[in-house]
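Line by line, the protein sequences give chains V and F. The letter at position 105 of the first sequence is residue 105 when you use this note's numbering, and the numbering goes up by one with no holes. The letter at position 2 of the second sequence is residue 2 when you use this note's numbering, and the numbering goes up by one with no holes. First comes the structure, then the notes that go with it.
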Amino acid sequence: MAFAIVQPIKVLPRLRPAPGYALIDQHGERFTSEDARGVITLYGFMPLDCGAECDQVTDTMVRVRDSIAERIDLGDVEFRLVTVVLDPDVTPDELTDAAARAGASSDPADDGWVWLSGSASQIENVVGLGFRRSPDPATWSPSYAIVDGWGTIRGEYRYATRMDNAEKLERHLDVLGGELRNRSGFATFAYDAAHAFQCYP
Amino acid sequence: MDIVTFPSQPTDNAAEPAAPARTHRARTLAVVLGVPLLVAVVVYAGFVLLRPHAYFGTVMQAPTPAPSMEDLVGIDGRPVDLAALRGDVVVLYFGYTFCPDVCPTTLAMAARAREQLGGDGERVHVMMVSVDPARDDVERVRDYVQAFDPSFLGATGELADVEQVAATYGVFFAEGAPLGDGYAVDHTATLMAIDTDGKLRIVWSPNVTADALADDLRELL
């Protein structure tokens with residue numbers, strides 16, 4: 001009871017399995033949900049080109065990536081950005097151009113920011129049914145999801161104009177990093193208790 | 001009247017005043033050492049007795065209803081009705097009958113886990129959903145899964161329906177390398193549990209053992 005009130009440890013909830021998928025990346029290669037295992041992934045969902053709104057999504061993701069590099073410690077676990085483009089059947093060249101505009105590396109060996117496209121049914125399955133976000137470029141709104149290395153969704157976020165989106169994502173990734181760094185030995189039980197008592201930020 | 005006098009007890013005048021002090025020190029020592037020890041024992045016992053089960057699998061804190069599979073066909077030839085299994089636990093696995101390695105070992109392990117549950121195992125339904133619907137028809141899936149345990153269930157369907165169901169359960173699959181006269185199917189090999197309330201509750205990595213699976217399932221039941 002005291003643990004539930006004081007909440008000495010914060011954790012991100014384990015919401016549900018992230019969707020399984022096999023999509024095509026900006027280099028024309030197949031990228032699957034299994035490729036994302038073992039890596040903390042920040043997903044962003046947006047049409048290929050939607051002006052300022054898309055810039056907001058990519059700017060937020062860039063800022064989070066920079067914060068991870070500079071001050072958020074995720075332990076030994078890698079971090080990756082994945083942008084799922086809502087327009088169906090976008091070509092790798094178009095993805096490459098969009099990725100370059102957003103500030104992603106053009107080096108195929110650098111998989112720190114993956115841009116993905118697929119058929120309409122694949123996008124519907126992954127974004128609509130899996131991440132439960134609007135997969136329709138006409139009705140979408142900026143949104144993000146944090147998925148841990150076990151393929152579990154740990155946070156889902158809709159863009160909000162009244163708050164700093166990147167700040168919230170950074171704070172939650174910091175919480176996730178804390179669990180990854182410290183969850184061992186006796187602390188395992190404390191983290192289990194934090195999950196059981198829903199000590200969420 | 002005779003007056004009986006008792007001889008006085010031999011005394012050690014030097015030691016006599018020290019006896020109460022020694023007793024006091026012993027009591028103090030007992031309190032100083034004993035109380036923390038007692039508290040530690042009580043706390044440890046409470047911790048051991050009251051701590052929640054440490055699941056091997058990843059437990060979802062905010063479990064949502066397991067996605068429907070009504071577009072798939074069960075081994076009885078009818079649409080899969082997960083609601084009919086409500087009250088029991090369903091262990092889900094996505095595999096295929098031509099699978100050379102991980103599918104048979106996983107299903108054999110699940111059969112052992114179910115066996116370990118004894119009578120409670122009857123409330124655990126293991127179901128394999130085929131990720132190779134082009135080759136796995138209902139009969140083939142039924143023969144395959146029931147070779148591991150006659151109680152096992154299975155499902156298959158149209159590719160688009162299987163893709164949709166697999167995506168919502170976090171399972172990827174795609175045709176892989178050539179294998180014999182055919183091909184392998186690359187797929188996610190996790191096991192999942194739908195709890196007695198029909199919610200997707202636990203995900204196990206492929207390296208789960210029969211003992212660990214049985215322990216987790218016992219807790220779910």
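We put the CB at the ideal spot given by N, CA and C, even for glycine.
query, result
"Please list, in chain order, all residues of the same chain as Arg80 of chain V whose beta carbon is under 8 Å from its beta carbon, the five residues on each side excluded.", "Ala36, Val39, Ile40, Thr41, Leu42, Asp111, Gly112, Trp113 and Val114"
"Run the CB neighbour count on Phe31 of chain V, radius 10 Å, all protein chains shown included, and call it buried at 16 or more, exposed below.", "buried"
"To the nearest angstrom, report how far apart Glu70 of chain F and Ile146 of chain V are at their CA atoms.", "30 Å"
"Exposed or buried, what is Glu158 of chain F when buried is set at 16 or more other beta-carbons lying within 10 Å of its beta-carbon?", "exposed"
"Check the Cβ of Tyr169 of chain F against every Cβ in chain V and list those closer than 8 Å, keeping chain order.", "Pro17 and Gly20"
"Using beta carbons (cut-off 8 Å, strictly below), is Arg14 of chain V in contact with chain F?", "yes"
"Give the straight-line distance between the Cα atoms of Val131 of chain F and Leu85 of chain F, rounded to the nearest whole angstrom.", "22 Å"
"Determine contact between the segment 163 to 180 of chain F and the segment 19 to 37 of chain F, defined as no fewer than three beta-carbon pairs at a distance below 8 Å.", "no"
"Residue range of the beta strand (DSSP E) that Gly155 of chain V falls in?", "Thr152 to Arg158"
"Interface residues of chain F around Gly151 of chain V at Cβ under 9 Å?", "Thr58, Gly170, Thr188, Thr190 and Val203"
"Spatial neighbours of Ala212 of chain F within its chain, please: C-beta separation below 6 Å, excluding the five flanking residues on both sides.", "Phe56"
"CA-CA distance, Gly119 of chain F and Ala134 of chain F?", "36 Å"
"Tell me which residues share the same chain as Ala194 of chain V and place their Cβ nearer than 6 Å to its Cβ, disregarding the 5 neighbours each side in the sequence.", "Ile9 and Val11"
"Just to check my reading of the structure: Pro52 of chain F and Ala196 of chain V have Cβ atoms closer than 8 Å, yes? What is that Cβ distance to the nearest angstrom?", "6 Å"
"So with CB distances below 7 Å, who are the chain F contacts of Leu129 of chain V?", "Gln164, Ala167 and Thr168"
"Within its chain, find whatever has a CB closer than 7 Å to the CB of Leu48 of chain V; leave out the 5 residues flanking it on each side and keep chain order.", "Val85, Asp87, Val90, Glu94 and Ala98"
"If you draw a straight line from the C-alpha of Asp149 of chain F to the C-alpha of Gly121 of chain F, how long is it?", "12 Å"
"Consider the Cβ of Leu92 of chain F: report whether some Cβ of chain V lies at a distance smaller than 8 Å.", "no"
"Distance cutoff 8 Å, beta carbons only. Does Asn179 of chain V sit that close to anything in chain F?", "The sequence given here places Glu at residue 179 of chain V; Asn does not occur at that position. No, because no Cβ of chain F sits closer than 8 Å to the Cβ of Glu179 of chain V."
"Starting from the Cα of Gly51 of chain V, find the closest Cα among V:Gly118, V:Met61, V:Ala102 and V:His27 and give me that residue.", "V:Ala102"
"Mind pulling the chain F residues with CB within less than 7 Å of Ser134 of chain V?", "Neighbours of Ser134 of chain V on chain F: none; closest Cβ ~16 Å, over 7 Å."
"Tell me which residue opens and which closes the alpha helix (DSSP H) that Glu179 of chain V is part of.", "Asn165 to Asn182"
"I'd like the ranges of any alpha helix (DSSP H) spanning at least 4 consecutive residues and lying wholly in the segment 89 to 152 of chain V.", "92 to 102 and 120 to 123"
"Among the residues of its own chain, which have a CB less than 6 Å from the CB of Pro57 of chain V, if the five just before and after it don't count?", "Per the sequence shown, the amino acid found at residue 57 of chain V is Val instead of Pro. The answer, listed in chain order, is Gly44, Met46 and Pro142."
"At the 8 Å Cβ level, is Ala62 of chain F part of the contact set with chain V, yes or no?", "yes"
"What residue ranges within the segment 142 to 197 of chain F form continuous beta strand (DSSP E) runs of no fewer than 3 residues, ordered along the chain?", "153 to 156, 173 to 179, 182 to 187 and 191 to 194"
"Since Met61 of chain V is in the alpha helix (DSSP H), which residue starts that stretch and which ends it?", "Ala52 to Glu70"
"On the criterion of 16 or more Cβ atoms from any shown chain inside 10 Å, does Ala110 of chain F qualify as buried, or is it exposed?", "buried"
"Check the Cβ-Cβ distances between Pro65 of chain F and every residue of chain V, and say whether any is below 8 Å.", "no"
"Rounded C-beta distance between Thr105 of chain F and Ile202 of chain F? I'm assuming under 8 Å.", "Actually they do not touch by this definition, with Cβ atoms about 20 Å apart."
"Determine whether the Cβ of Ala196 of chain V lies closer than 8 Å to any Cβ atom of chain F.", "yes"
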